[in-house]
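Novice: If you scroll down you'll find the structure; I have some questions about it.
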Amino acid sequence: MKDKNDIQSFKTDRPLIVFGATGLLGSQLVFMACADRFSPHLILHGSHLPRLEGLKAEILEAGFDGIEVTITTDTDEACRQGGYLFYSRSVQSGKQTREEMLLDNAPTAKETGLAIRKAPNSIHRVVCVSNPSDIIGLTLLIHSGLAPEQVFSISALDTTRYIRAIKEVLGIEREDMSGVYTLGSHDMSMAVMRDTVRIKGRSIDKCISEGLMTEEDWYEIQNRVVNGGRMVIKKRGHTAYQSPAYLGYQMLLASDEAVFSYPSARYHNSSLFPHCFLSLPTIIDSKGCHHQRQSYTDRDIEALKRSYQSIRTLRDIAIEHGHLPNTALWEQKLQEQTDELILKEKSKNI
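Letter by letter, the sequence shown follows residues 1 to 350 in UniProt numbering.
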């Protein structure tokens with residue numbers, strides 16, 4: 001038996017704010033967080049008050065001890081107390097292109113970002129799963145006043161599908177693979193890294209030359225990765241929500257003791273990929289999401305360049321429609337936000 005103090009222990013004393021809480025994905029995450037005793041205070045945001053009331057009733061009737069549940073349809077109110085923020089807010093309009101999803105979801109992302117900026121208590125971390133997640137994550141960041149390390153979006157599902165595809169097509173166990181990940185955009189233009197992969201210590205090219213796999217095997221693996229989301233929808237009859245909720249929750253949980261090492265999308269600016277929000281090798285720890293150094297072959301760089309173009313196209317659409325400012329205004333703003341985060345971290349250690 002656990003004693004009362006154990007029952008009342010939580011992983012953080014900061015609130016957990018969930019935007020899009022009544023959707024399938026958001027509500028799945030809410031129950032994961034309750035069962036895992038993530039926070040003693042849930043702040044649930046949605047556009048439909050009766051659905052929020054129904055979700056709150058379910059949480060209370062599940063018998064979770066010591067958890068306060070606040071519901072609101074007001075964006076500023078949801079952000080006011082600060083804490084961890086999970087963003088799955090989206091407009092449900094049936095089957096859509098990435099551009100259509102962007103134009104539907106960017107206005108509410110901008111609204112949320114501005115609410116974060118106004119909040120008197122700081123938001124510690126933002127995890128975005130609302131599609132198109134790379135551009136919605138970027139919109140949240142630019143308007144929020146947070147540092148780039150604090151706002152990131154999910155792309156791990158593409159990497160876990162890649163691992164699964166290799167296992168199923170080649171019959172290779174997870175421990176015999178390394179360097180398996182997708183980078184760039186979270187869409188059909190994702191860059192499925194080929195030359196970083198090692199299977200039992202061999203590159204894919206070497207595996208093919210030694211007869212351990214064929215070029216057709218490689219194309220089948222790529223197809224399963226790029227089209228994996230569509231396969232789930234076809235087989236289940238709806239979009240995936242449990243797997244992104246689980247991985248998104250692991251991103252919220254990530255700490256120095258339990259680092260999240262699948263690639264995540266966050267802000268990046270370099271000569272190759274200027275002013276964008278894309279997936280690269282990262283880790284998430286207690287202080288946020290950080291890039292990891294990685295060398296690439298020319299072939300993998302070309303795949304990343306093609307993927308970047310998809311992100312750039314949507315970014316420019318967001319700018320054209322007024323959801324993002326011109327990129328020339330970003331760098332100083334983001335540097336100031338980073339400097340402010342560093343000062344906060346230093347003050348904690350004084």
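Backbone N, C-alpha and C fix where the C-beta goes; we use that ideal spot for every residue, glycine too.
1. Do you know how far the Cα of D298 is from the Cα of T182?
2. Near I7, which residues of its chain fall below 8 Å by C-beta distance, leaving aside the five closest residues on each side in sequence?
3. If you reduce the DSSP assignment to three classes, tell me which class F273 lands in.
4. Figure out for me which residue from P50, S185 and A33 has the closest Cα to the Cα of R315.
5. Suppose you measure from the CA of P15 to the CA of V232; what does that come to, to the nearest Å?
6. Using the beta-carbon count (16 or more within 10 Å), is I350 buried or exposed?
7. Let me know the secondary structure DSSP gives F19 once reduced to three states.
8. Rounding to the nearest angstrom, what Cα-Cα distance links Q222 and A191 in this structure?
9. Measuring straight from C-alpha to C-alpha, what distance separates I284 and S261?
10. Quick one: grab the DSSP three-state call for G83.
11. How would you label R293, buried or exposed, when you count the other beta carbons within 10 angstroms and need 16 or more for buried?
12. What are the boundary residues of the alpha helix (DSSP H) that H143 is part of?
13. Excluding the 5 residues flanking G259 on each side, which residues of the same chain have their C-beta closer than 7 Å to its C-beta?
14. Taking T214 as part of the alpha helix (DSSP H), name the residues at either end of that continuous run.
15. Hey, would you say M101 sits closer than 8 Å to P132, going by beta carbons?
16. Counting C-beta neighbours from all protein chains within 10 Å, is the total for G46 16 or more, i.e. buried, or is it exposed?
17. Could you give the DSSP three-state label for G288: helix, strand or coil?
18. Contact between the segment 33-51 and the segment 132-146: three or more CB pairs below 8 Å?
19. How would you write the range of the beta strand (DSSP E) that Y267 sits in, first residue to last?
20. Quick check on this structure: which residue in Y249, K167, L157 and V126 has the alpha carbon closest to the alpha carbon of V151?
21. Three or more C-beta pairs closer than 8 Å, one from the segment 107-118 and one from the segment 232-251: is that the case here?
22. Around the Cβ of D300, are there at least 16 other Cβ atoms within 10 angstroms (buried) or fewer (exposed)?
23. Taking the Cβ atom as the reference point for each residue, do T22 and L55 lie within a distance shorter than 8 Å?
24. What's the gap between the Cα of L278 and the Cα of L170?
25. What separation, rounded to the nearest whole angstrom, lies between the Cα atoms of N269 and Q335?
26. Pick helix, strand or coil for G46, following the three-state DSSP scheme.
27. How would you write the range of the beta strand (DSSP E) that P152 sits in, first residue to last?
28. What span of residues does the beta strand (DSSP E) with T70 cover, start to end?
29. Can you look up T12 in the DSSP assignment and give me helix, strand or coil?
30. Which one or two residues does DSSP pair with R161 in a beta bridge?
31. Let me confirm a value: Q309 is counted as buried when at least 16 other C-beta atoms fall within 10 Å, else exposed. Which label applies?
32. Helix, strand or coil for F260 per DSSP?
33. Can the beta-carbon of R51 be found closer than 8 Å to that of K11?
34. So, for I319: in the same chain, excluding its five sequence neighbours on each side, which residues have a beta-carbon less than 8 Å away from its beta-carbon?
35. By DSSP's criteria, S178 is part of a beta bridge. Which residues make up the other side?
36. If distances are taken between C-alpha atoms only, which option among C79, Q28 and P40 comes closest to E58?
Specialist: According to the structure data:
1. About 16 Å.
2. A caution first: I7 carries a pLDDT of 45, below 50, which makes its placement in the model unreliable, though a value can still be read off. Only D65 and G66 meet the Cβ criterion.
3. When DSSP states are grouped into helix, strand and coil, F273 belongs to the coil group.
4. By alpha-carbon distance to R315, the top candidate from P50, S185 and A33 is S185.
5. The straight-line gap from Cα to Cα measures roughly 33 Å.
6. Residue confidence is low: I350 scores 38 on pLDDT, short of 50, so the model does not pin down where it sits. No coordinate-derived value is stated.
7. If DSSP states are grouped into helix, strand and coil, F19 belongs with the strands.
8. Between Q222 and A191, the C-alpha separation is close to 10 Å.
9. Those two C-alpha atoms are separated by around 7 Å.
10. DSSP places G83 in strand when its eight states are reduced to three.
11. Flag for R293 reads exposed.
12. Unbroken alpha helix (DSSP H) run through H143: S133 to S144.
13. First, the residue type needs correcting, since residue 259 is Val and not Gly in the sequence shown. Closer than 7 Å at the Cβ level, and outside the excluded window around V259, lie I283, I284 and D285.
14. Going by DSSP, T214 is part of no alpha helix (DSSP H) at all; its letter is neither H nor E.
15. Between M101 and P132, the gap from beta carbon to beta carbon is short of 8 Å.
16. It counts as buried.
17. Looking at G288 - three-state DSSP - the assignment turns out to be strand.
18. Contact fails: fewer than three Cβ-Cβ distances are below 8 Å.
19. Its beta strand (DSSP E) spans residues S264 to H268.
20. Comparing alpha carbon positions, the residue from Y249, K167, L157 and V126 closest to V151 is V126.
21. Contact fails: fewer than three Cβ-Cβ distances are below 8 Å.
22. Taking a 10 Å sphere around the C-beta of D300, we find 16 or more other C-beta atoms and assign the residue as buried.
23. Result yes, Cβ atoms of T22 and L55 sit closer than 8 Å.
24. Taken atom to atom, the span from the alpha-carbon of L278 to that of L170 is near 29 Å.
25. Computed Cα separation, rounded: 12 Å.
26. The answer is coil: DSSP assigns G46 none of H, G, I, E or B.
27. Looking at the sequence provided, one finds Phe at residue 152 rather than Pro. It spans V151 to S153 - the beta strand (DSSP E) in which F152 sits, taken as one unbroken run.
28. Its beta strand (DSSP E) spans residues E68 to T72.
29. Of the three classes helix, strand and coil, the one that applies to T12 here is coil, per DSSP.
30. Bridge partners of R161: none, in fact.
31. Result: exposed.
32. Reduced to three states, the DSSP call for F260 is strand.
33. For the pair R51 and K11, the CB atoms are not nearer than the 8 Å cut-off.
34. The beta carbon of I319 sits closer than 8 Å to those of P325, N326 and T327, all from its chain and outside the five residues before and after it, given in chain order.
35. Beta bridge pairing from DSSP links S178 with R198.
36. It is Q28 whose Cα lies nearest to the Cα of E58.
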